[in-house]
Amino acid sequence: MVGVGRSGRSGASVNWLSFSFLISDELSWNIPGSAVLVFDIHVIDFHNPSDSISITSHYKPPDCSVLSKKGDYLKYHYNASLLDGTLLDSTWNLGKTYNIVLGFGQVVLGMDMGLREMCVGEKRTVIIPPHLGYGEAGVDGEVPGSAVLVFDIELLELVAGLPEGYMFVWNGEVSANLFEEIDKDGDGEVLLEEFSEYIHAQVASGKGKLAPGFDAEMIVKNMFTNQDRNGDGKVTAEEFKLKDQETKHDEL
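Counting the sequence shown from 1 gives a position; this note's numbering is that position plus 137.
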């Protein structure tokens with residue numbers, strides 16, 4: 138006897154299948170001889186490891202031309218639930234957005250995929266199979282193992298990221314006397330404090346931009362370290378060079 142059914146949520150559906158089957162005595166163990174076994178099975182859920190996520194867009198604003206991509210800094214609200222509607226988490230309930238840099242592994246892969254090509258104001262539902270979510274293990278006390286996750290998402294803010302490999306860029310022409318501008322005391326050496334002050338001033342004035350969503354001080358420190366070729370804690374004019382003068386991804 139076989140029974141087939143279907144239930145739906147937000148445009149997605151889950152199939153269920155109930156059936157009985159016979160198993161021969163050759164395939165049984167510790168069972169009386171010549172016994173015929175009857176198993177009544179109800180398949181609650183299953184997934185195919187080759188399955189991808191499912192995205193259903195419920196609302197897009199009239200102007201939906203700027204779409205999210207890798208490197209963008211996103212602020213969004215979400216409700217996370219199981220297929221049966223059990224609520225797992227909600228940023229709306231917490232009263233604060235969830236903020237990430239897209240494409241940098243800050244959320245599970247399925248969520249990262251589900252947030253791509255989304256515009257500010259858009260609302261969508263993303264269904265994530267276990268292998269693109271929290272897997273067979275789940276999260277102890279929070280997400281059951283092998284759970285299919287349903288995220289209802291609203292994107293509230295998008296800050297465009299920088300070209301891949303860059304953590305700082307100039308908005309416009311770069312001064313021909315850049316080193317001299319950074320070296321305010323004119324001693325021929327730039328310390329981290331001087332460098333940091335200059336970079337932050339350029340960002341504040343709109344002349345430069347740091348990659349959004351990352352620790353600004355850490356970016357500046359890494360920029361300085363990349364220019365400090367001999368590691369003595371100061372940068373000389375000889376060590377200093379613009380990013381586009383070499384293939385290595387230094388930030389200046």
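Glycine included, C-beta positions come from ideal geometry on N, C-alpha and C.
- Nearest C-alpha to residue 369 among 339, 329, 341, 335: 329.
- Apart from the 5 residues on each side of it in sequence, residue 343 sits with its Cβ closer than 8 Å to the Cβ of 308 in its chain, given in chain order.
- The closest CA to that of residue 296, considering only 258, 262, 211, 187, is found on 211.
- Separation of residue 209 and residue 178 (C-alpha to C-alpha, rounded to the nearest whole angstrom) is 47 Å.
- With respect to residue 205, residue 269 sits apart: the two C-beta atoms are not nearer than 7 Å.
- Scanning 186, 227, 264 for the CA closest to the CA of residue 194 turns up 264.
- The residues 319, in chain order, have a CB closer than 6 Å to that of residue 335 in the same chain once the five nearest residues on each side in sequence are set aside.
- Annotated three-state conformation of residue 294 is strand, per DSSP.
- With fewer than 16 neighbouring CB atoms inside 10 Å of its own CB, residue 323 falls in the exposed class.
- Within the segment 271 to 320, the runs of beta strand (DSSP E) at least 3 residues long that lie entirely inside it are, in chain order, 286 to 296, 305 to 307.
- Note that the C-beta distance between residue 228 and residue 214 is below 7 Å.
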